[in-house]
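Residues 1 to 535 (the UniProt record's numbering) are what the sequence shown spells out, left to right. Comments concern the structure below.
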Amino acid sequence: IPLGWANSYEFSDSDLRVACDTLDASVDAVAMGRANVSPEKLPWHTLRCLLSQCIYGGKIDNGFDQMLLDCFLEKIFTAKSFDADRVLINNIDGKGTDFCIPDGNSREHLIHWVEKMHYLQLPYWLGLPNNAEKVLLTVRGETMLTNLLKVSDDELAFTGDDQKTQSPPWMSVLAEQSSQWLKLLPTNIPKLKRSMENIKDPLFRFFEREVIHGTRLLASVRSDLVEVQSVCRGERKQSNHTRALTLALNKGLVPSDWLRYTVPKVVTVMTWIHDFAERVKQLIRLAGSVSLKKESIWLGGLFAPEAYITATRQTVAQSNQWSLEELRMHIEVGTMDDHPDTFRVEGLRLMGAACKKKNKLEIVDEVSTDLENVTLSWFREASSPNNITLPVYLYRDRKNLLFTLDFDPGEVQKTCLYERSVALTSNRSDFHSMTKYAGQGSRSCGIIVLVLVISYANNNVSSYVAAHLTQGSANYCYMKKYMAQNYNKLSKENAVGDGNYNSYKKNSTKAQNSQSIKTILIGDGSAVVLYISVR
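Right, here's the structure in full:
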């Protein structure tokens with residue numbers, strides 16, 4: 001996604017041309033042939049409305065993206081932009097340096113000013129912190145991982161001299177992988193016990209639907225994994241269903257029959273399995289709870305988080321005999337006190353800011369911060385008009401808006417928070433959860449290491465993943481055999497320099513007699529693209 005925006009929009013040069021023509025026409029209408037016009041006489045409000053509602057705003061379908069556009073327009077299209085001491089960007093380099101408009105007004109002077117700029121294409125131009133590129137690199141890494149897993153690994157289906165069976169090696173890996181996943185997933189989810197009292201409770205009815213949905217999906221997933229395991233071991237013949245399952249699982253994709261709730265577009269089956277296992281664990285805990293209202297809920301781990309918010313609202317309205325329409329949601333961060341009609345949630349993460357005492361926001365350099373001890377409540381009084389409304393998205397891709405929450409901006413201007421695209425996410429599914437289980441029978445673990453190194457530029461991440469790839473595991477044996485038998489084929493089929501080839505050969509030979517695995521994946525026509533180090 002573009003930095004700072006929830007959606008991508010098809011803005012083109014035609015939109016820019018229309019905007020420039022609108023500006024020229026407005027200036028000409030006010031100037032009436034004069035060479036100079038006072039900035040205060042220009043129709044700034046009209047220009048902002050045209051740009052916000054027609055030229056650019058006409059394509060925007062997200063309310064918070066519209067607020068972001070309006071913030072930029074309010075900041076740029078104003079008579080103050082012509083002041084000599086006008087600051088375009090505060091703290092552009094993160095060290096307190098302000099970026100100001102030059103004193104000259106001639107075309108040549110402005111061109112010279114542009115050519116002498118030292119800060120080109122920094123995220124601070126958009127009001128974002130300069131480390132916001134980490135978010136963009138993470139998204140690119142996830143996309144790269146998914147695309148790599150979709151590529152058919154025909155080269156990996158080799159037949160070694162010491163192989164006793166006729167089945168390809170990927171079947172053995174997939175059988176082991178299915179076995180690990182079956183151990184990870186519980187066998188069933190206990191049912192909630194109905195009574196004449198709790199059947200009237202909106203929260204009970206919601207969690208009962210969640211348990212039923214989770215039970216059906218869990219049974220389907222376990223049945224499919226058992227069937228795949230039997231096929232890979234030669235105990236059962238393939239069918240169209242199992243053929244589709246093995247094809248998807250071998251490429252790291254989530255089978256279409258398993259996608260029964262909202263997940264990010266870029267997600268691997270490894271991430272999905274462990275995320276689903278955590279959801280099931282939460283349902284098992286809730287099924288044995290005495291009071292569902294007092295339980296801390298992982299909001300992003302629900303199949304229908306919007307329905308949970310509605311159920312809490314109905315519960316408060318029912319217990320107090322209030323109307324649903326007059327209730328407003330309130331949030332309190334960092335409190336351990338239990339109050340009536342409050343609901344404790346966890347897993348919320350604040351992007352681009354931090355929340356201090358009394359729900360006050362503060363600008364920080366971190367990409368995201370966790371919200372601890374969060375409680376939601378419903379009251380009939382509205383929030384303070386000085387508060388800022390922030391969106392709560394299901395995932396960090398910002399495609400699924402759940403609801404909004406009000407915070408105290410403190411000493412920070414609201415426009416600064418919107419320009420930084422401050423928002424909340426309710427599901428923490430990221431690369432950390434993937435690396436945690438990267439070595440458990442997944443043939444793609446090396447690719448996960450590669451994407452992490454590219455995304456975060458942090459070798460410690462590679463070492464963290466490597467710690468789970470132990471000698472003697474299916475991954476270790478598979479990579480070791482593949483490296484020993486296929487480096488000649490790889491280096492001949494791809495454009496590789498002598499240094500890269502020798503390094504690959506040396507590392508492949510070394511891998512046969514040591515506990516370390518070092519390999520180079522060759523790119524098409526561009527020397528060594530990927531370097532994966534497993535220690």
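Where is the CB? At the ideal position from N, CA and C, for every residue including glycine. Bear in mind that the values here come from a model prediction, so they are computed numbers and not experimental data.
Check                                                                                                                                                                    : Outcome
Just verifying my parser: in three-state terms, what is the DSSP assignment at Tyr124?                                                                                   : helix
Any chance you could list the beta strand (DSSP E) runs of at least 3 consecutive residues sitting entirely within the segment 326-352, in chain order?                  : 328-333, 342-346
Hey, residue 551 and Ser172 are a contact pair by Cβ (cut 8 Å); roughly how many whole angstroms apart?                                                                  : Outside the displayed span of the chain (1 to 535) sits residue 551, for which this structure offers no information.
For Glu210 and Phe303, which I take to be in contact (beta-carbon distance under 8 Å), what is that distance rounded to the nearest angstrom?                            : 6 Å
Bridge partners of Glu362, per DSSP?                                                                                                                                     : Ala354
Does the Cβ-Cβ distance between Pro186 and Asp224 come in under 8 Å?                                                                                                     : no
Among the residues of its own chain, which have a CB less than 8 Å from the CB of Gly214, if the five just before and after it don't count?                              : Ile189, Arg279, Val280, Leu283, Phe303
Would you call the CB atoms of Leu203 and Ala353 closer than 8 Å?                                                                                                        : no
Give me the residue from Ala277, Asp70, Leu23, Val30 with the minimum Cα distance to Lys183.                                                                             : Ala277
What residues match up with residue 551 in a beta bridge as DSSP calls it?                                                                                               : Outside the modelled stretch of the chain, which goes from 1 to 535, sits residue 551, for which no answer is possible.
DSSP three-state label for Ile388, please.                                                                                                                               : strand
When the distance is taken between beta carbons, is Trp378 closer than 8 Å to Met336?                                                                                    : no
Could you tell me whether the Cβ atoms of Asn359 and Phe407 are closer together than 8 Å?                                                                                : yes
Do Leu402 and Leu390 have their beta-carbon atoms positioned less than 8 Å apart in this structure?                                                                      : no
Roughly how many whole angstroms lie between the Cα atoms of Ser14 and Thr404?                                                                                           : 34 Å
If distances are taken between C-alpha atoms only, which option among Leu68, Asp24, Ala35, Gln66 comes closest to Leu47?                                                 : Asp24
Over what stretch of residues does the alpha helix (DSSP H) that includes Ala175 continue unbroken?                                                                      : 169-184
Assuming Ser426 and Gly334 make a contact with CB atoms under 8 Å, what is their CB distance in whole Å?                                                                 : Rounded, the Cβ-Cβ distance is 18 Å, inconsistent with contact.
From what residue to what residue does the beta strand (DSSP E) around Ile89 run?                                                                                        : 87-89
Taking only three categories from DSSP, how would you classify Thr310?                                                                                                   : helix
Excluding five sequence neighbours on each side, which residues of the same chain lie with their C-beta closer than 8 Å to the C-beta of Glu227?                         : Arg236, His241, Thr242, Leu245
Pair every Cβ in the segment 3-12 with every Cβ in the segment 52-67, then say whether three or more of these pairs are closer than 8 Å.                                 : yes
Could you have a look at Tyr418 and say whether DSSP puts it in helix, strand or coil?                                                                                   : helix
Look at the alpha carbon of Lys293 and the alpha carbon of Gln413, and state the distance between them as a whole number of angstroms.                                   : 36 Å
Determine the burial state of Arg81: buried for a count of at least 16 other Cβ atoms within 10 Å of its Cβ, exposed for fewer.                                          : Looking at the sequence shown, residue 81 is not Arg but Ser. Label assigned to Ser81: exposed.
Quick check on Trp322: does DSSP put it in helix, strand or coil?                                                                                                        : coil
On the criterion of 16 or more Cβ atoms from any shown chain inside 10 Å, does Asn386 qualify as buried, or is it exposed?                                               : exposed
Excluding the five sequence neighbours on either side, which residues of its own chain have a C-beta within less than 7 Å of the C-beta of Ser52, listed in chain order? : Leu69, Asp70, Leu73
Ala175: which of Gly234, Gly127, Gln318, Asn105 sits nearest, CA to CA?                                                                                                  : Gly234
Quick check on DSSP: helix, strand or coil for Trp5?                                                                                                                     : coil
How about Val263 and Met351: do their beta carbons lie closer than 8 Å?                                                                                                  : no
Rounded to the nearest angstrom, what separates Gln318 and Tyr56 at their Cα positions?                                                                                  : 44 Å
CA-CA distance, Asn90 and Ala287?                                                                                                                                        : 52 Å
In its own chain, which residues sit with a C-beta less than 6 Å from the C-beta of Arg420, not counting the 5 before and 5 after it?                                    : Gly127, Leu128, Gly352
Which stretch, first to last residue, makes up the alpha helix (DSSP H) that contains Thr215?                                                                            : 202-232
Here's a check: name, in chain order, each residue in its chain whose Cβ is nearer than 7 Å to the Cβ of Asp364, leaving out the five neighbours to either side.         : At residue 364 the sequence reads Val, which differs from the Asp that was named. These residues qualify, in order along the chain: Ala353, Ala354.
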